[in-house]
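Enquirer: Next up is a structure, given as structure tokens.
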Amino acid sequence: MKIQHIIPILLLAGGITVGAQPAASRVEKPLLETNSVYAGKPYGGQRHQIPGIILAKEFDVAPSGVSGITYHCTSQAGGRAFRTADDSIALVPFGKGHVTIAGLPEDPSQVYVGYIDTGEWLKYSVHVAESGVYQIGGHFAAGFTNAALSVTFSPALKTGPIHIPTTAGYQPNTEVYHVWEKLDDLAEIPLPAGDYVMTVKIEEAGGMNIDYLSFIKKP
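Right, here's the structure in full:
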């Protein structure tokens, strides 16, 4: 699979600078979140760690579960049973019948973000332990060929649309939305060490379901 190489868009005083910069400058200047304007809190009380895996269901908690702060959901809501926070989006248990693209059974206790619509988004408080270039991956099901999402680290490190390959056709006897693929090389992004609010936005739904995102630091 071809890896997308991200060109960061940096918001600087006096305008916008677009384009790749020398490796040292890309990873040395931390771009931290502005806590004074973000009311969300880490789910479970601790920031997600990068490198590592971030479960889609563990998006940040908003005051009183109000929409539009840590999440924007226009689709079916039904996630209260799978979170300790006072909010609700379309969270769904794997249950029986979910399989990998190779036909192996998935763990039925897993919970994914489903019934996704284009334009929805989720926010996660994260900590990047070490400056470097990170590979973005995850665990996805996608019924169509146009599924795509983007990842932004506050305030201005952005991936742009990341294509999620369809899982259709691998297991003809299983509902396509229940066929899953683990990927670790969807895109790359340079990240300075520090604390961020990470936004995952659905650019094109494409019949996509999301279990988790993964971040692996390149050597």
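Note that our numbering gives residue 81 to position 76 of the sequence shown, counting from 1, and the numbers run on in steps of one.
Ideal placement from N, C-alpha and C gives every residue a C-beta, glycine not left out.
(1) Measure how close the beta-carbons of residue 220 and residue 128 come, nearest whole angstrom, since I'm counting them as under 8 Å.
(2) Considering only their Cβ atoms, is the gap separating residue 213 from residue 141 smaller than 9 Å?
(3) What is the residue span of the beta strand (DSSP E) that residue 118 lies within?
(4) Give every residue of the same chain whose Cβ lies closer than 7 Å to the Cβ of residue 198, excluding the five residues on either side of it in the sequence, and list them in chain order.
(5) Below 8 Å, can you find three or more Cβ-Cβ pairs linking the segment 100-117 to the segment 172-183?
(6) Give me the Cα-Cα distance between residue 90 and residue 73, rounded to the nearest whole angstrom.
(7) Give me the Cα-Cα distance between residue 150 and residue 174, rounded to the nearest whole angstrom.
(8) Please return the same chain residues whose Cβ sits closer than 7 Å to the Cβ of residue 111, not counting the five positions on each side in sequence.
(9) Count the other CB atoms within 10 Å of the CB of residue 109; is the residue buried (16 or more) or exposed (fewer)?
(10) Residues in its own chain within less than 8 Å of residue 172 by CB, not counting five upstream and five downstream?
(11) May I ask you to report which of helix, strand or coil DSSP gives residue 42?
(12) Rounded to whole angstroms, what's the CA-CA distance from residue 218 to residue 206? Just pull it up for me.
(13) Taking the C-alpha atoms as reference points, what is the distance between residue 223 and residue 139?
(14) Span of the beta strand (DSSP E) holding residue 50?
(15) Express the C-alpha separation of residue 210 and residue 204 in angstroms, rounding to a whole number.
(16) Report the three-state DSSP secondary structure of residue 211 (helix, strand or coil).
(17) Check each candidate in 44, 160, 56 and 50 and name the one with the smallest Cα separation from residue 265.
(18) Taking buried to mean at least 16 other C-beta atoms within 10 Å of its own C-beta, is residue 195 buried or exposed?
(19) May I have the straight-line CA-CA distance separating residue 27 from residue 92, to the nearest angstrom?
(20) Measuring CA to CA, which of 61, 115, 114 and 113 is closest to residue 94?
Expert: Per the coordinate set shown:
(1) Residue 220 to residue 128, Cβ: 16 Å. No contact.
(2) no
(3) 116-118
(4) 35, 133, 134, 135 and 136
(5) Output reads yes: the segment 172-183 touches the segment 100-117.
(6) 15 Å
(7) 11 Å
(8) 99, 103, 104, 105 and 185
(9) exposed
(10) Closer than 8 Å at the Cβ level, and outside the excluded window around residue 172, lie 106, 145, 146, 147, 148, 181, 184, 185 and 186.
(11) helix
(12) 12 Å
(13) 6 Å
(14) Note, residue 50: premise wrong, no beta strand (DSSP E); not H, not E.
(15) Looking at the two C-alpha atoms, the distance is approximately 16 Å.
(16) coil
(17) Because the chain in this structure spans residues 6 to 224, residue 265 falls outside the shown range and cannot be described.
(18) Only buried fits residue 195, as 16 or more other CB atoms lie within 10 angstroms of its CB.
(19) Here the model assigns residue 27 a pLDDT of 37, short of 50, so the residue's position is not dependable, and the following value carries that caveat. Approximately 42 Å between the Cα atoms of the pair.
(20) For residue 94, the closest of 61, 115, 114 and 113 by C-alpha to C-alpha distance is 61.
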